[in-house]
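Everything on this sheet refers to the single structure shown next.
Numbering (this note's numbering), first residue to last: 19 to 297.
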């Protein structure tokens, strides 16, 4: 079958350019974060830090933005939040990321108790009605939402904004939890493909092991450490090619288009009677 390219309107909506200058991208995204923090009249940026490249780059941008705001006479803070569920498989990577991004402060909250308490409060017959796989997926989404609830609770106490790590490759295929990692105040990586995220992280000097690490949401108990690409059934290289306007095999384009359609609801605010996009 013939190769296809992504529709121009889709690429424009996700803001990805096939050619970027890392120095300019870093400068502009740091300036954006600094300006938004100051304009919001909040006092801090809060970010959930895992052991992956997305949170590493986001954290470094946040650290640079706070430093820039403070050079202008502010007293802003950047708080990195560690949110393990029980024990974290890649805790050493998370510590490596924290050391590199240089936050003002680190807060650690183990979410296992909160997730288990939520499940324990649900009607038992409802829990048992689902399959083991369905229960595992539901728990994984709850982990993401509890993590976000923790970040907002802490940020609200101290006047802060919650920063997200989602980029346009994840946005294209809806690879985020609705009202979980997708529910944030500001997303400084939007408009970047996954390989561009890696490129900016490398440009800023992130540890090579973090830049090259296989991404995983690591939300499922039955399949711990499941790579994103295995969960999606498609590679980030193919997603990035499509985002950047490069031709991909028709079957790859079909898969990406199907994921995009199925997850359109995630990229929308709550549906109101006047909405027509879903019809």
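A virtual CB, placed ideally from N, CA and C, is assigned to each residue, including glycine. All values derive from a computational prediction rather than experimental measurement.
What does the Cβ neighbour count give for residue 126, buried or exposed, with the cut at 16 atoms within 10 Å? The count along the chain shown starts at 1 and reaches residue 126 at position 108. With fewer than 16 other Cβ atoms within 10 Å, it is exposed.
Would you kindly work out how many angstroms separate the C-alpha atoms of residue 201 and residue 268, rounded to a whole number? Position 183 of the chain shown, counted from the first residue, corresponds to residue 201. Position 250 of the chain shown, counted from the first residue, corresponds to residue 268. Their backbone Cα atoms lie some 32 Å apart in a straight line.
Going by DSSP, name the residue or residues bridged to residue 97. Stepping through the chain shown from its first residue, residue 97 is reached at position 79. In the DSSP assignment, the residues bridged to residue 97 are 64 and 123.
Inspect the beta-carbon positions of residue 76 and residue 183 and report whether they are closer than 8 Å. Numbered from its first residue, the chain shown carries residue 76 at position 58. Numbered from its first residue, the chain shown carries residue 183 at position 165. Residue 76 places its beta carbon less than 8 Å from that of residue 183.
Could you give the residue range of the beta strand (DSSP E) that holds residue 179? The count along the chain shown starts at 1 and reaches residue 179 at position 161. Segment 178–180, the beta strand (DSSP E) holding residue 179.
Best match in 163, 44 and 258 for proximity to residue 83 [C-alpha to C-alpha]: As a working note, residue 83 is residue 65 in the chain shown. Sorting 163, 44 and 258 by C-alpha distance to the C-alpha of residue 83 places 44 at the top.
Counting Cβ pairs closer than 8 Å, one from the segment 140–159 and one from the segment 236–250, do we hit at least three? These segments touch.
Looking at the structure shown, is residue 160 part of a helix, part of a strand, or coil, going by DSSP? Taking the chain shown and counting its residues from 1, the one referred to as residue 160 is at position 142. In the structure shown, the three-state DSSP call for residue 160 is helix.
Sequence-distant residues of its chain with Cβ nearer than 7 Å to residue 115 (five each side left out): Within the chain shown, the letter at position 97 stands for residue 115. 67, 69, 73, 74, 77 and 228.
Starting from residue 22, follow its DSSP beta bridges and name the residues at the other end. Counted from its first residue, the chain shown places residue 22 at position 4. Partner(s): 266.
Check whether the segment 240–255 and the segment 282–292 are in contact - that is, three or more C-beta pairs closer than 8 Å. The answer is no - the segment 282–292 does not touch the segment 240–255, with fewer than three Cβ pairs under 8 Å.
Determine the direct distance from the alpha carbon of residue 214 to that of residue 265, and round the result to whole angstroms. Along the chain shown, one-based indexing puts residue 265 at 247. Along the chain shown, one-based indexing puts residue 214 at 196. Cα to Cα, the separation comes out at about 18 Å.
Quick one: using the 10 Å Cβ neighbour count with 16 as the cut-off for buried, is residue 283 buried or exposed? Start at 1 with the first residue of the chain shown, and residue 283 comes out as number 265. Exposed, because fewer than 16 other Cβ atoms sit within 10 Å of the Cβ of residue 283.
Going by other Cβ atoms of all chains shown within 10 Å of its Cβ, with 16 needed for buried, is residue 197 buried or exposed? Numbered from its first residue, the chain shown carries residue 197 at position 179. The residue is exposed, with fewer than 16 neighbouring Cβ atoms inside 10 Å.
So, is residue 178 buried or exposed, given that buried needs 16 or more other C-beta atoms within 10 angstroms? If you number the chain shown from 1, residue 178 lands on position 160. With 16 or more Cβ atoms within 10 Å of its Cβ, residue 178 is classed as buried.
For residue 203, which residues in the same chain have their Cβ closer than 6 Å to its Cβ, ignoring the five residues on either side in sequence? As a working mapping, residue 203 is identified with position 185 in the chain shown. Same-chain partners within the cutoff: 179 and 180.
Looking only at its chain, what residues have a beta carbon closer than 7 Å to the beta carbon of residue 220, apart from the 5 residues adjacent to it on each side? As a position in the chain shown, residue 220 is number 202, starting the count at 1. Exclusion of the five residues before and after residue 220 leaves 229 as the residues of its chain whose Cβ lies within less than 7 Å of its Cβ.
Taking 8 Å as the threshold, find out whether the segment 146–154 comes into contact with the segment 102–119 through three or more Cβ pairs. Output reads no: the segment 102–119 does not touch the segment 146–154.
What's the gap between the Cα of residue 263 and the Cα of residue 35? Position 245 of the chain shown, counted from the first residue, corresponds to residue 263. Position 17 of the chain shown, counted from the first residue, corresponds to residue 35. Cα to Cα, the separation comes out at about 9 Å.
Does DSSP put residue 40 in a helix, a strand or coil? Walking along the chain shown from the start, residue 40 turns up at place 22. Reduced to three states, the DSSP call for residue 40 is helix.
Could you please give the first and the last residue of the uninterrupted alpha helix (DSSP H) stretch that includes residue 186? Taking the chain shown and counting its residues from 1, the one referred to as residue 186 is at position 168. The continuous alpha helix (DSSP H) containing residue 186 extends over residues 186–191.
Collapsed DSSP secondary structure at residue 204 in the structure displayed: Within the chain shown, the letter at position 186 stands for residue 204. For residue 204, the secondary structure class from DSSP, reduced to helix, strand or coil, is strand.
Taking all protein chains shown into account, decide if residue 163 is buried (16 or more other Cβ within 10 angstroms of its Cβ) or exposed. Position 145 of the chain shown, counted from the start, is the residue given in the question as residue 163. With 16 or more other Cβ atoms within 10 Å, it is buried.
Own chain partners of residue 86 with C-beta closer than 7 Å, once the 5 adjacent residues on each side are dropped: For the purposes of this step, residue 86 is taken as residue 68 along the chain shown, with counting starting at 1. Answer for residue 86: 48 and 52, listed in chain order.
Do residue 270 and residue 256 come within 8 Å of each other at the CB atom, strictly closer than that value? Here the question's residue 256 lines up with position 238 in the chain shown. Here the question's residue 270 lines up with position 252 in the chain shown. Residue 256 places its beta carbon less than 8 Å from that of residue 270.
How would you call residue 171, buried or exposed, if buried means at least 16 neighbouring beta carbons within 10 angstroms? For the purposes of this step, residue 171 is identified with residue 153 of the chain shown, where counting begins at 1. Classification for residue 171: exposed.
Consult DSSP for residue 76 and reduce its assignment to one of helix, strand or coil. If you number the chain shown from 1, residue 76 lands on position 58. Correct three-state label for residue 76: helix.
Under the assumption that residue 101 contacts residue 165 (Cβ atoms under 8 Å), give the Cβ distance between them as a whole number of angstroms. Within the chain shown, the letter at position 83 stands for residue 101. Within the chain shown, the letter at position 147 stands for residue 165. About 5 Å separates the two Cβ atoms, so the contact holds.
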